[in-house]
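Per this note's numbering, the very first residue in the sequence shown carries number 12; after that it's consecutive.
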Amino acid sequence: MIKLIKSTFYKEAEIKQKLCKFILNSSKLSIGEECKKFEKKFGKYQQRKHCVMVNSGSSANLAIIQALLNLGKIKIGDKVGFSAITWSTNVMPLMQLGLIPIPIDIELSTLNVSSKKFLESLKNHNVKMLFLTNLLGFCDDIDNIKEICDKEKIILIEDNCESLGTIYKEKKLGNYGLASTFSFYVGHHLSTIEGGAVTTDSHSLDTMLQMVRAHGWDRNLTERKQLKIRLRHNVNSTFYSRYTFYDLGYNLRTTEINGFIGNLQLKYVDEVTSKRRNNFLRMAPPIYGKTDRYIPIKYNHIDFLSNFAVPVICRSKEIRDQLVEKCKNKLEIRPIVGGDMVMQPFFKKHMPHTIDAFQNSNAKFVHEQGLYFGNNPELTKKEMKQIVDIFTR
Ligand SMILES: Cc1ncc(COP(=O)(O)O)c(C=O)c1O
Numbered sequence: 012m013i014k015l016i017k018s019t020f021y022k023e024a025e026i027k028q029k030l031c032k033f034i035l036n037s038s039k040l041s042i043g044e045e046c047k048k049f050e051k052k053f054g055k056y057q058q059r060k061h062c063v064m065v066n067s068g069s070s071a072n073l074a075i076i077q078a079l080l081n082l083g084k085i086k087i088g089d090k091v092g093f094s095a096i097t098w099s100t101n102v103m104p105l106m107q108l109g110l111i112p113i114p115i116d117i118e119l120s121t122l123n124v125s126s127k128k129f130l131e132s133l134k135n136h137n138v139k140m141l142f143l144t145n146l147l148g149f150c151d152d153i154d155n156i157k158e159i160c161d162k163e164k165i166i167l168i169e170d171n172c173e174s175l176g177t178i179y180k181e182k183k184l185g186n187y188g189l190a191s192t193f194s195f196y197v198g199h200h201l202s203t204i205e206g207g208a209v210t211t212d213s214h215s216l217d218t219m220l221q222m223v224r225a226h227g228w229d230r231n232l233t234e235r236k237q238l239k240i241r242l243r244h245n246v247n248s249t250f251y252s253r254y255t256f257y258d259l260g261y262n263l264r265t266t267e268i269n270g271f272i273g274n275l276q277l278k279y280v281d282e283v284t285s286k287r288r289n290n291f292l293r294m295a296p297p298i299y300g301k302t303d304r305y306i307p308i309k310y311n312h313i314d315f316l317s318n319f320a321v322p323v324i325c326r327s328k329e330i331r332d333q334l335v336e337k338c339k340n341k342l343e344i345r346p347i348v349g350g351d352m353v354m355q356p357f358f359k360k361h362m363p364h365t366i367d368a369f370q371n372s373n374a375k376f377v378h379e380q381g382l383y384f385g386n387n388p389e390l391t392k393k394e395m396k397q398i399v400d401i402f403t404r
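The following block contains the structure:
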């Protein structure tokens, strides 16, 4: 059986050994220097001024939305567009925090929202923010989407949990919007076991994210920023300042263990993304070449494709069902990400009215006729041949 995920992190044996030593020699394992180091390095890797590390990609999504609400950049009751094919915890925080999620359909050719689909949605909905998912390392014309957002004063945030490392038009995905979120869960491009981050160039967003991450207090801010906020709120005694809560927050902190792993994994990030890209280029063309069976995904507009799974969209439900049978005990497969969010029970329960207006979508098609298998850096040539054979013979 070729598993979806082959290891907890890249170079697992080496990392585990180093981790044991690190834990034995550390006097502090709660958030500290290793996490700070990771934030600095990851920010540099992503070419962003700020990076705030949290305990998951889901927490990163929750944090950015809460931060935007705290700053008044969006308000309760505002409509927020999101990619109809995404992960549950991309949409759930929108609902939990009192925003109205508007599903936007994706293109079958790229699995992502295009400017065309976005414009179609804008005809019916006055959205204040677009929470765009860059699905499985791919994108559509995100540059045009950004242009529309700029023109219409719509805040663009990218959920880049699945596309770390992809470069489109010489820019890394995750750098098109005001901020972007990342997941470092096992199986993603870079694993810290559990983990996530928000990156941005905005100083005010960075400050707010630091407070949202930890209880709404100011302890993780620089001294200058602490002074400023304390002055504004008339907090002039150290006795109280450490226990003053300035705005709505959570505890989304990560630990030094995750920070330490992240720092080690970052050294290999280019190696991992290159291996995965090469794997993709070995497996996808012969599979997508079977155009009578599959709808090929377009990727030649992307400068560097970085993904952790290979999606296959079947021309019929029968073909998909046959494949599910064929893969049993041979290749671990699963639906495309979280599928069409509109078809999920939580969405039907809380957003029943949206569903009527979102029928016959490409997202539904992908939900019902798509699947993916893992694209691990540890895949062998023999395994890749076996995979291609399953889909092409
Ligand atoms: C698009 C997307 N957003 C958010 C998440 C959540 O990340 P995490 O599992 O780290 O909470 C995922 C998870 O895979 C995802 O695919």
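The beta carbon of each residue, even a glycine, is placed where N, CA and C say it ideally should be.
Treat the numbers as computed from the prediction; the structure is a model and nothing was measured.
Opening and closing residue of the alpha helix (DSSP H) in which residue i lies
i, result
"PRO356", "356-361"
"PHE142", "First-last for PHE142: 138-144, but that is the beta strand (DSSP E), not the alpha helix (DSSP H)."
"GLY92", "No alpha helix (DSSP H) holds GLY92; the beta strand (DSSP E) holding it covers 90-94."
"GLY273", "267-277"
"ALA71", "68-81"
"CYS150", "Counting along the chain, CYS150 falls outside any alpha helix (DSSP H), and DSSP gives it neither H nor E."
"PHE129", "126-135"
"LEU238", "234-243"
Residue i beta carbon near ligand 1 (any heavy atom closer than 7 Å)
i, result
"GLY68", "yes"
"THR266", "no"
"GLU173", "yes"
"TRP98", "yes"
"VAL348", "yes"
"ASP161", "no"
"ASP351", "no"
"THR144", "yes"
"GLY92", "no"
"SER194", "yes"
"GLY207", "yes"
"ASP170", "yes"
"ASN387", "no"
"ASN72", "yes"
"ASN123", "no"
"ASN101", "yes"
The beta strand (DSSP E) enclosing residue i, as first and last residue numbers
i, result
"GLU169", "166-170"
"VAL65", "61-65"
"ALA208", "207-211"
"PHE20", "Segment: none, PHE20 is in no beta strand (DSSP E) and carries neither H nor E."
"CYS46", "CYS46 -> not in any beta strand (DSSP E); alpha helix (DSSP H) instead, spanning 44-57."
"CYS325", "320-325"
"THR192", "190-194"
Sub-8 Å separation of residue i and residue j beta-carbons
i, j, result
"THR265", "VAL63", "no"
"GLY385", "ILE16", "yes"
"ASP151", "ASN123", "yes"
"TYR279", "ALA320", "no"
"GLY429", "GLY207", "No information on residue 429 is available, as it lies outside the stretch 12 to 404 that the chain covers here."
"GLN276", "PHE93", "no"
"HIS346", "GLY381", "The amino acid at residue 346 is misidentified as His; the sequence shows Pro. It is a contact, given that the beta carbons lie within the stated cut-off."
"LEU412", "THR177", "Outside the shown range of the chain (12 to 404) lies residue 412, about which nothing can therefore be said."
"PHE195", "ILE308", "no"
"LEU130", "CYS160", "no"
"LEU189", "ILE156", "no"
"ARG288", "ARG253", "no"
"TRP228", "MET222", "yes"
"ILE330", "THR403", "no"
"PHE271", "GLU45", "yes"
"LYS90", "ILE117", "no"
"GLU173", "LEU201", "no"
"ASN145", "GLU169", "yes"
"SER126", "LEU263", "no"
"ARG304", "CYS338", "no"
"MET12", "GLU394", "no"
"SER191", "THR203", "no"
"SER37", "GLU267", "yes"
"ASN269", "GLU205", "yes"
"TYR179", "ILE313", "yes"
"ASN81", "ASP212", "no"
"VAL399", "MET294", "yes"
"HIS226", "GLY260", "yes"
Those residues which DSSP pairs with residue i across a bridge
i, result
"PHE315", "ILE178"
"ILE344", "PHE384"
"ALA295", "Answer is none; ALA295 lacks a bridge partner."
"ILE113", "GLY92"
"TYR305", "CYS325"
"ILE13", "LEU342"
"LYS183", "ILE178"
"ASN262", "ALA225"
"SER41", "THR266"
"ASP351", "ILE96"
Distance cut-off 7 Å: residue i Cβ against heavy atoms of ligand 3
i, result
"ASN135", "Only ligand 1 can be found as ligands here, which leaves ligand 3 out of the picture."
- [ ] Evaluate contact between the segment 375-385 and the segment 343-359, counting only Cβ atoms and requiring at least three cross-stretch pairs below 8 Å.
- [x] yes
TODO: Determine, using beta-carbon pairs with one atom in the segment 102-113 and one in the segment 72-82, whether at least three such pairs fall under 8 Å.
DONE: yes
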